[in-house]
Amino acid sequence: MQIINAKKHLDNSLMENMQRNYILLILLIISNIAFSQDYEFGIIQDKDGYTNIRYSPDSKAKILGTVKNDELIFIFDAKDSKGWYDMVSSNLKGFIHKSRVKLLTEFLEIEPSNQSENNIRFKHNDFSIDIFSEKFLVKNNKLQRSSDGVAVTKINGKDFYGTDGEIPKTSFKSIVFKGNKKTITVDKEQLSDIFEPDFNRTQVYFDKSTQIFYLTMHNSDGAGSYDVAWILNSNSSPKRLILDLE
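Residue 79 in the numbering used here is what sits at position 34 of the sequence shown, and the numbering runs on without skipping anything.
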């Protein structure tokens with residue numbers, strides 16, 4: 046009887062391990078699918094000065110709204126798209142025809158000229174972009190927590206990006222753009238709700254025809270990760286688009 050019970054216990058243990066391993070395998074596959082998605086920024090370029098955002102990838106589908114030329118959009122699975130992009134703008138989500146979009150990766154990519162722990166610099170001809178980070182100091186910020194006191198829900202009264210309820214380790218100090226004898230600093234408001242900058246996943250693209258620079262960053266890891274992009278030129282204030290990837 047003891048031998049039979051022991052065998053039954055062994056069989057149950059093996060079955061539990063197989064089920065556990067199967068579940069882990071499924072979760073791993075789902076995770077790989079999620080993180081293998083292709084995310085990319087684009088810019089609207091349409092001879093009409095704007096383009097339509099549609100409910101589905103069909104020229105006869107309902108129009109949800111419009112996006113103006115030179116406005117940043119975020120595109121999903123750009124490489125797998127067949128004629129239409131699944132996209133998000135600052136206030137719309139829908140589909141846009143590929144012919145109306147220029148991917149930022151189609152422009153000239155500027156390599157960093159210098160990088161350290163707290164600074165990365167991009168330089169092209171007489172233009173330069175400097176991004177500075179600094180340690181996040183709790184004493185200099187007002188943290189709002191969840192009812193159980195565990196998670197941070199707001200920083201200085203604002204929703205934020207970069208962590209999933211944890212206190213950030215790093216914040217942005219400044220982003221400074223120089224060119225055409227002008228110095229333009231990204232407004233503090235555009236930096237006060239984003240944290241954990243990752244200089245290793247920071248790119249700058251340059252459109253020669255318009256003399257516009259596009260700064261893109263993929264920041265943080267896992268939960269709390271986000272993508273952010275800025276339009277930088279010497280004739281207007283920086284414009285930002287951010288997408289939460291949680």
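Every residue gets a Cβ at the ideal spot worked out from N, C-alpha and C, and that includes glycine. All figures in this text were calculated on a predicted structure; none of them were measured in a lab.
Identify, in the order they occur along the chain, each residue of the same chain with its Cβ nearer than 6 Å to the Cβ of residue i, setting aside the five sequence neighbours on each side.
i	result
K315	As shown, the chain starts at 46 and ends at 291. That puts residue 315 outside it, with no answer to give.
D83	D122, A123, K124
R166	S158, N159, D175
Y250	L149, F152, E154, Y259
T208	G269
According to DSSP, is residue i helix, strand or coil?
i	result
Y216	Per the sequence shown, the amino acid found at residue 216 is Ser instead of Tyr. Correct three-state label for S216: strand.
A123	helix
S178	strand
Q256	coil
S116	Looking at the sequence shown, residue 116 is not Ser but Glu. Coil.
E154	strand
F244	helix
Q189	strand
K105	coil
Q160	strand
K147	strand
S281	strand
V231	coil
V197	strand
Taking C-alpha atoms, which residue in the options lies nearest to residue i?
i	options	result
S282	P242, V221, G202, I212	V221
D115	L137, L148, E85, G207	L148
I239	K203, Q248, I118	K203
Bridge partners for residue i per DSSP, in chain order?
i	result
V273	M262, I287
D131	F121, F140
May I ask you to check if the CB of residue i is nearer than 7 Å to at least one heavy atom of the ligand NAP?
i	result
I141	Because no ligand of any kind appears in the structure shown, any question about the ligand NAP cannot be addressed here.
> Are there three or more Cβ pairs, one per stretch, closer than 8 Å when the region 211-229 is compared with the region 173-193?
Replying inline: yes
> Contact between the region 224-231 and the region 181-198: three or more CB pairs below 8 Å?
Replying inline: no
>> Assess contact between the region 269-283 and the region 189-197, defined as three or more Cβ pairs (one per stretch) separated by less than 8 Å. Is contact present?
In response: At 8 Å Cβ cutoff, the stretches do not touch.
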